[in-house]
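A.B. asks: Take a look at the following structure, please.
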Amino acid sequence: MSRISFSLSVSLDELEDYEDSDSDYEATIKTTKRRKRAVPGPQPPKRPRRKSALRVTSSPHNSPIPAPVDPSLQQQQNSHGSSRQVSPRRSRGVNERNPGISAEDIYNAVCSGKSAMVTVVDEWLDSYKRSREVGLLVLINFIVRSCGCKGVVSREMLDSMQNAEIISSLTKEFNEDSVNYPLCTPGPTLKRFKAGLCEFAAVLVRSCRNSLIYDEYLFPSLLALLTGLSDSQVRAFRHTSTLLAMKLMTGLVEVAVIVSVQLQTTQRQHNMEHSKSSEDRASDRLEELEATLSELQEKREELSSMMNATFRGVFVHRYRDRLTDIRVLCIEDLGLWIKIDPEDFLNDGCLKYVGWTLHDKQSPVRLQCVRALQGLYKEKEFIGRLELFTSRFKERMLSMALDKDSDVAVDVVNLLLLIHQRSEEGLREEECSHIYPLVYASHRGLASAAGAFLYNKLKGLISSDKQENERSDKAAFLQILISFYTQSEFHEHGAYLVDSLWAVAGSELRDWETMTTFLLKEAGLTDKEEGALIELMMCAVRQAAQSTSPVGRAQGKKHQSMKDKKIQEQDRRRITTHFIPLLPQLLTKFSADAGKVSRLLKAPLYFNLEMYNSAQWLERHLDLLLSLVCGIVTKHTDATVLEACTHLVCALCSDTYTFSSRAHLAFSQLMDGLTECFNMYLSDLLQGSADDNDMYSAATALKRIAALCGAKDPTGWKLFDPCVELLKSRLESGELDKELMVSALKCAAFHLMWAKVNAVNFKPAESELARLRREVRSFCKVCQTCLSVNQAAVREQAFELLCDLLMLYSKSSVRSEPALQSLVHLPSDLLRSEMAAFLLDYVFTDSEDHELNVEGEEERKIALLQRKRNQLGGYCKLVIYGVLDLSAATDVFKHYSKYFKDFGDIIKETMSRSKLINPVLSAKTVCLSLQQLFSEMLTEEHSRRDLNEIRDLGKRLAMSFGIDLHRVRKPLVALHMDGIRFAFRDPEEGEEPLRNVAFLEILSEFSFKLLQQDRAQMAALLKSECPSAAISWPPVRMYQHSLETRLTSRPREQEEGGGAASSHETPAAKRKRTTAQGSVSSATRGSWLESSSLHSSLPTPALTSTVQRQPPKPVASSKPTAESDISSGLNELESEDEFSSGPQMRKVKPSKRRLLHSTITSLDQQDLNSNLTLLSLIEDEEAEEEEDEIENYDSDLEPGYTLPSTRHNSATLMDELFD
């Protein structure tokens, strides 16, 4: 006999016929139950079921009007009674006559997580075997208790009432003190309770799989109740019942697989026995096998009936529920069902739900879909049956690699790797090209996943070309990686590529031998490939030696284990041993290429430099390295090369190494040669007789000296006086050679910096300090003159050096050195004004930005902005550390709003630090900056727009004072007093009187920060300062109103509404939205209540409705809030053409519930109170607009495949889907 197939894809016509049929699921169960109760004695053998799938409706309580049933059945039901009521007693009173485990006992065991769930279920089974009605009642009350409901289902209710009536009564009794219920309680309790509830459901099915599953009472009744609860508008009922139903369904699927295996085995044995000849055939054995086969088929039918009921009654409606958690658990269990029982579930009818929910707006649902698909694609035998799904939803999965939720994107990339590895066709190269750029993503998890994908793809190319390629796999991998890197558009981000591949390709990237072999070959790589390999090699060296991530990828402070430290030390030793003899060869070969040599010079920074002393032959390599570095310095003038040489000189000259004396000697000789070269041309430069070649030679020598001064003390070469004299002569003559003057400024500044360090370390004589003090003053004068020259590079360099030197020679720098007090140099008033003017003219300006507003100048714009930020940061440090008065910050604060995008973080930090130094003076500085802007506005053409801009700045500055009003009380009072006096100050000669009164409009932006007693003080000051003629002017009245207004109107509103709220027995809980979308204003909520004629202050708790509701039905006066089938309006597609016939995802249109005014007003007071309680539990649709959880997605709408970015392109379709 062929196996009965469990098909979940029923045609639309069959579904409609089935829903309209007279035999619904609940009636069948009731009839079966009562028939068994009416027949005493042993039960008759079970009969095979006919059309088991048609015995269940999608919702057993989809209408307040009961479906017609057979009159005989109706008579039986009436003989047993038909009224159920909610008992106010706790569930422990249910079993007083039949002692046993109670619902409260099961609930406590599930919550604690410490009880053995098998023992709990066994105790309940003992109770159920004594009386199945009492046992079922305990289980039902446990479910109700798990929902957080305080109501209890009594025995009378169970015998007489329908499930819809029970749920309606429980809803009215749902007077919870908190918006939380057990499944949404924050903290570890939630995880423990959910795990316990899932374990209870699983153990219950396992314990009943051989007997009670098939008694046609327990599980049908339980699933019918859970199906009803899952359609409730009360979130707690819907969430908890859906979780239990899904876990019970998972257990039933596991049992069904076992039964199917037994059925196949028995069928095979029966066929073998039946195929024997009549002489060899054992009739008793054959009859026994036929009986077993019949019993297994009946069990399979029974399981199919219950699974069909659960799938269509719960899953089909709840996989698109409004609550994200419900959608997540539905998809999670669907993935398990498909994996456990692929024969029944691995079909288009089930896979379509996973594909559709890939478009869900909430990232947890998308993440669960992707993880469910990962479990399916890992099974090789599933790949063939997933081909149609893959072809239909591959484009969607590719686009999700750019999901705005990084966790989703990571799992999507891993899923695409599985598809590429397991499927026959894999991914085309153009499809893979959408994943490759993700190796440069800032999120490290996503970059690593993309790195694994890239590595797998590159290794696949190696295996396909292995016969033609004689190189090793590592060498071939490096060659392909170089080609990928050179062909990508991110050549400068080699560190990110290496970091992405480090976890999977660590051995290849640590293959220093192969890398250096490629580089030292005469005819191997092209120039571009050599540059790429050197960059990747140095990035890999840095990654191995330091184990640090590139900028932007560090994920907090990661504690390095002892194993990682050991591996890092081994890598560092291998790097040192390998590169010490080969680095001179590499530097010799690429010494003429600035880009390549600047990268190679970084290698010794990652060496274990002490190894140079471990053997004599290594010392020879040190000498060779020193000579090569000196040669590179004399050969190059590129800033990056000289900077790399400076870092290397600093490392080699460190006193921690015994060979540092040799390095000092080598670089001292280099400095001697460079100084001699500079002095050779100095006299001609001072006299003005030097030609262009002489000037170039002197400038390059001075530039190299300036670079080395960053690592080596230049005071011994006496370069300060020549440089200052050169600067003065150039400024006097007006011949401003950029390279020469910038280098001279750097050399002179480094001389002063090293001199200060030597003064701190060696305590020089007073004459030396006096000379140093004179040098500082003379250099500051030179720099002050340079601030006004037309050469931008000279001007900017002078400003930056001034900021550094004024900090170095400030009072705070010698506070711990009393002997060096004479070195303190404070800027003159003229210098302060010059520096402030520099900020206004060259930092807070857009003139240079407009010049760079052409295509291809993005890098120059970034460099210019970075330079401006450095200059502003240097100036702000002078203010914070007391070199400049706090009032100098007005030139910075006044630009807080206009340049917030570029400098907002620096200005905000400056304001915060100034408040710590002197809060009152800081507040006065803020007021002064506003006064200056106001005065500038008056001198120019007065306009309301300018005044509004200053008010916006005042509003932003007011927010910087924080929320602790008591702490900022004195500063704010001082600010207001200064502002009032400024508004009414006496006019100067030639000024009109009271011209500053409009400043009170700006000052009013700070009034909300004042305490109540200070407001009265400011009002009195205003009255005393303001002339009587101006008391009625609009700015004065505005400021008075700002002082009279309370801090906020919310407390007063709460006081006014407190009486109404307190009249209700349930305290008003502050409502917290559970979804990001769909919130509406309180005004909308109020209009809904007015239209419903329900004038009440009752709060609406956080209980969400489902995605779709039926249109409202006529509301009877006794049941104005009758439940309706929430999701039955969404028709299922035919399974035979699931993925190809038009757009599959329907727009779910929300329907509005309209409460009839006449019906509400006709209710008596008791009904009104009960319905108000029910209304507080069933979420208002007008208060929370319905959002479309599943959007239309039809790839045919786009002419070609594009990969939309949900991170950056807000106008794309994906951005709307992931909103």
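Under this note's numbering, the letters of the sequence shown match residues 727 to 1945, in that order. Yeah, the Cβ is synthetic: ideal placement off N, Cα and C, and Gly gets one too. Computed from a predicted structure; not experimentally measured.
With DSSP run on the structure shown, which of helix, strand or coil describes VAL1694?
C.D. replies: Translated into positions along the sequence shown, residue 1694 becomes position 968. Coil at VAL1694, not helix or strand.
A.B. asks: Identify the continuous alpha helix (DSSP H) that holds SER1448 and give its terminal residues.
C.D. replies: Counting from one through the sequence shown, the residue named residue 1448 turns up at place 722. Here residue 1448 is Pro; the residue named in the question, Ser, does not match the sequence. First-last of the alpha helix (DSSP H) with PRO1448: 1446-1459.
A.B. asks: Can you tell me whether GLN1094 is buried or exposed? The criterion is at least 16 other CB atoms within 10 Å of its CB, across all chains shown.
C.D. replies: Locating residue 1094 in the sequence shown gives position 368, counting from the first residue. So GLN1094 ends up on the buried side.
A.B. asks: Just mark LEU930 as buried or exposed, buried being the case when its beta carbon has 16 or more other beta carbons within 10 Å.
C.D. replies: Mapped onto the sequence shown, residue 930 falls at position 204. LEU930 is buried by the Cβ-count criterion.
A.B. asks: What's the call for PRO912, buried or exposed, on a 16-neighbour Cβ count within 10 Å?
C.D. replies: Residue numbering aside, residue 912 sits at position 186 when the sequence shown is read from its first letter. Exposed, since its Cβ has fewer than 16 Cβ neighbours within 10 Å.
A.B. asks: Kindly indicate which three-state DSSP category VAL1040 falls into: helix, strand or coil?
C.D. replies: Residue numbering aside, residue 1040 sits at position 314 when the sequence shown is read from its first letter. Reduced to three states, the DSSP call for VAL1040 is helix.
A.B. asks: Determine the closest residue to PHE1725 out of ASP1672, LEU1019, LEU1736, with distance taken between C-alpha atoms.
C.D. replies: Your numbering for residue 1725 matches position 999 in the sequence shown. Checking every option, the nearest Cα to that of PHE1725 belongs to ASP1672.
A.B. asks: Could you check if ALA1709 is buried or exposed, using at least 16 other CB atoms within 10 Å of its CB as the buried criterion?
C.D. replies: For the purposes of this step, residue 1709 is taken as the residue at position 983 of the sequence shown. Looking at its Cβ environment, which holds 16 or more other Cβ atoms inside 10 Å, ALA1709 is buried.
A.B. asks: Residues in the same chain with beta-carbon distance under 6 Å from LYS671, minus the five sequence neighbours each way, listed in chain order, please.
C.D. replies: Not covered by the structure: residue 671. The range shown for the chain is 727 to 1945.
A.B. asks: Go ahead and pull the three-state DSSP assignment for GLU1714.
C.D. replies: Here residue 1714 corresponds to residue number 988 of the sequence shown, with the count starting at 1. Correct three-state label for GLU1714: coil.
A.B. asks: Just to confirm, is the Cβ distance from SER1226 to VAL1165 under 7 Å?
C.D. replies: Your numbering for residue 1226 matches position 500 in the sequence shown. Your numbering for residue 1165 matches position 439 in the sequence shown. The answer is yes: Cβ separation under 7 Å.
A.B. asks: Go through the stretch 1713-1743 residue by residue and report every complete run of the alpha helix (DSSP H) that reaches 4 residues or more, in order.
C.D. replies: Those alpha helix (DSSP H) runs which fall completely within the stretch 1713-1743 and span 4+ residues are 1725-1729.
A.B. asks: Can you tell me where the alpha helix (DSSP H) with THR702 in it begins and where it stops?
C.D. replies: Because the chain spans 727 through 1945 in this model, residue 702 falls outside it and cannot be assessed.
A.B. asks: With three or more C-beta pairs closer than 8 Å as the rule, is the stretch 1305-1315 touching the stretch 1273-1280?
C.D. replies: Contact between the stretch 1273-1280 and the stretch 1305-1315 is absent, because fewer than three Cβ pairs lie under 8 Å.
A.B. asks: Closest to ASN1419 by CA distance: which of GLU1027, ASP1463, ILE1208, THR1771 is it?
C.D. replies: Sequence index remark: in the sequence shown, residue 1419 carries index 693 (1-based). Cα-wise, what sits closest to ASN1419 is ASP1463.
A.B. asks: By Cβ distance below 6 Å, which residues in the same chain neighbour VAL1605 in space, the five residues on each side in sequence not counted?
C.D. replies: Within the sequence shown, the letter at position 879 stands for residue 1605. Closer than 6 Å at the Cβ level, and outside the excluded window around VAL1605, lie ALA1614, ALA1615.
A.B. asks: Distance check for ASN1674 and PRO1971, CA to CA, integer angstroms please.
C.D. replies: No statement about residue 1971 is possible, as the shown extent of the chain runs from 727 to 1945 and does not include it.
A.B. asks: Looking at the secondary structure, which residues open and close the alpha helix (DSSP H) in which ASN1596 lies?
C.D. replies: Here residue 1596 refers to the residue found at position 870 of the sequence shown. First-last of the alpha helix (DSSP H) with ASN1596: 1584-1606.
A.B. asks: Going by DSSP in three states, TRP1343 sits in which element: helix, strand or coil?
C.D. replies: The sequence position of residue 1343 within the sequence shown is 617, counting from 1. In the structure shown, TRP1343 sits in a helix (DSSP, three-state: H, G or I).
A.B. asks: Exposed or buried, which one is PRO1544 when buried takes at least 16 other CB atoms within 10 Å?
C.D. replies: By one-based count along the sequence shown, residue 1544 stands at place 818. PRO1544 comes out exposed.
A.B. asks: Let me know if GLN1738 comes out buried or exposed under the rule of 16 or more other beta-carbons within 10 Å of its beta-carbon.
C.D. replies: The residue given as residue 1738 occupies position 1012 in the sequence shown. Exposed.
A.B. asks: In terms of residues, what are the limits of the alpha helix (DSSP H) holding ALA1491?
C.D. replies: As a first step, residue 1491 is located in the sequence shown; it is residue number 765 there, counting from the start. Taken as a continuous stretch (DSSP letters only), ALA1491 belongs to no alpha helix (DSSP H), as it is neither H nor E.
A.B. asks: Which one of ALA1329, ILE1431, ARG1499 has the shortest CA to CA distance from LEU1471?
C.D. replies: Within the sequence shown, residue 1471 is the residue found at index 745, counting from 1. It is ILE1431.
A.B. asks: Between SER1353, TYR1211, ILE1188, PHE1210, which lies nearest to ALA1202 when the distance is taken from Cα to Cα?
C.D. replies: For the purposes of this step, residue 1202 is taken as residue 476 along the sequence shown, with counting starting at 1. The shortest C-alpha separation from ALA1202 is found at ILE1188.
A.B. asks: Here's a check: name, in chain order, each residue in its chain whose Cβ is nearer than 6 Å to the Cβ of PRO1645, leaving out the five neighbours to either side.
C.D. replies: Locating residue 1645 in the sequence shown gives position 919, counting from the first residue. Within the same chain, PRO1645 has close Cβ partners PRO1697.
A.B. asks: Rounding to the nearest angstrom, what Cα-Cα distance links THR1363 and THR1426 in this structure?
C.D. replies: Taking the sequence shown and counting its residues from 1, the one referred to as residue 1363 is at position 637. Taking the sequence shown and counting its residues from 1, the one referred to as residue 1426 is at position 700. Roughly 7 Å between the two C-alpha positions.
A.B. asks: Who are the near neighbours of ARG964 in its chain, counting only those whose CB is closer than 8 Å to its CB and skipping five residues on each side?
C.D. replies: In the sequence shown, counting from the first residue as 1, residue 964 sits at position 238. Within the same chain, ARG964 has close Cβ partners LEU955, SER956, ASP957, SER958, ARG1044, ASP1047, LEU1049, ILE1052, THR1832.
A.B. asks: What residue range does the alpha helix (DSSP H) around TYR1079 cover?
C.D. replies: Locating residue 1079 in the sequence shown gives position 353, counting from the first residue. That run of the alpha helix (DSSP H) goes 1074-1082.
A.B. asks: In whole angstroms, what separates the C-alpha of ILE1632 from that of LYS1594?
C.D. replies: If you number the sequence shown from 1, residue 1632 lands on position 906. If you number the sequence shown from 1, residue 1594 lands on position 868. Distance between the alpha carbons of ILE1632 and LYS1594 is about 11 Å.
A.B. asks: Based on Cα-Cα distance, which residue from PHE1210, ASP1297, ASP1290 lies nearest to ALA1258?
C.D. replies: On the sequence shown, position 532 is the one that residue 1258 refers to. Closest option to ALA1258, Cα to Cα, is PHE1210.
A.B. asks: Is the shortest distance between the beta-carbon of ASP1349 and the beta-carbons of chain B less than 7 Å?
C.D. replies: As a matter of chain content, chain B is missing from the structure shown, which is built from one protein chain.
A.B. asks: Taking all protein chains shown into account, do 16 or more other C-beta atoms lie within 10 angstroms of the C-beta of ARG856, making it buried, or fewer, making it exposed?
C.D. replies: Against the sequence shown, residue 856 aligns to sequence position 130. Result: exposed.
A.B. asks: Just confirm the distance between the C-beta atoms of MET1033 and ALA982, as a whole number of angstroms; I'd bet it's less than 8 Å.
C.D. replies: Position 307 of the sequence shown holds residue 1033. Position 256 of the sequence shown holds residue 982. Contact holds; Cβ gap of about 7 Å.
A.B. asks: Is ARG1682 helix, strand or coil by DSSP?
C.D. replies: By 1-based counting over the sequence shown, the position of residue 1682 is 956. If DSSP states are grouped into helix, strand and coil, ARG1682 belongs with the helices.
A.B. asks: Under the rule that 16 or more other beta-carbon atoms within 10 Å means buried, what is LEU1312, buried or exposed?
C.D. replies: The count along the sequence shown starts at 1 and reaches residue 1312 at position 586. LEU1312 should be labelled buried.
A.B. asks: In its own chain, which residues sit with a C-beta less than 6 Å from the C-beta of HIS1169, not counting the 5 before and 5 after it?
C.D. replies: Sequence index remark: in the sequence shown, residue 1169 carries index 443 (1-based). Answer for HIS1169: SER1132, listed in chain order.
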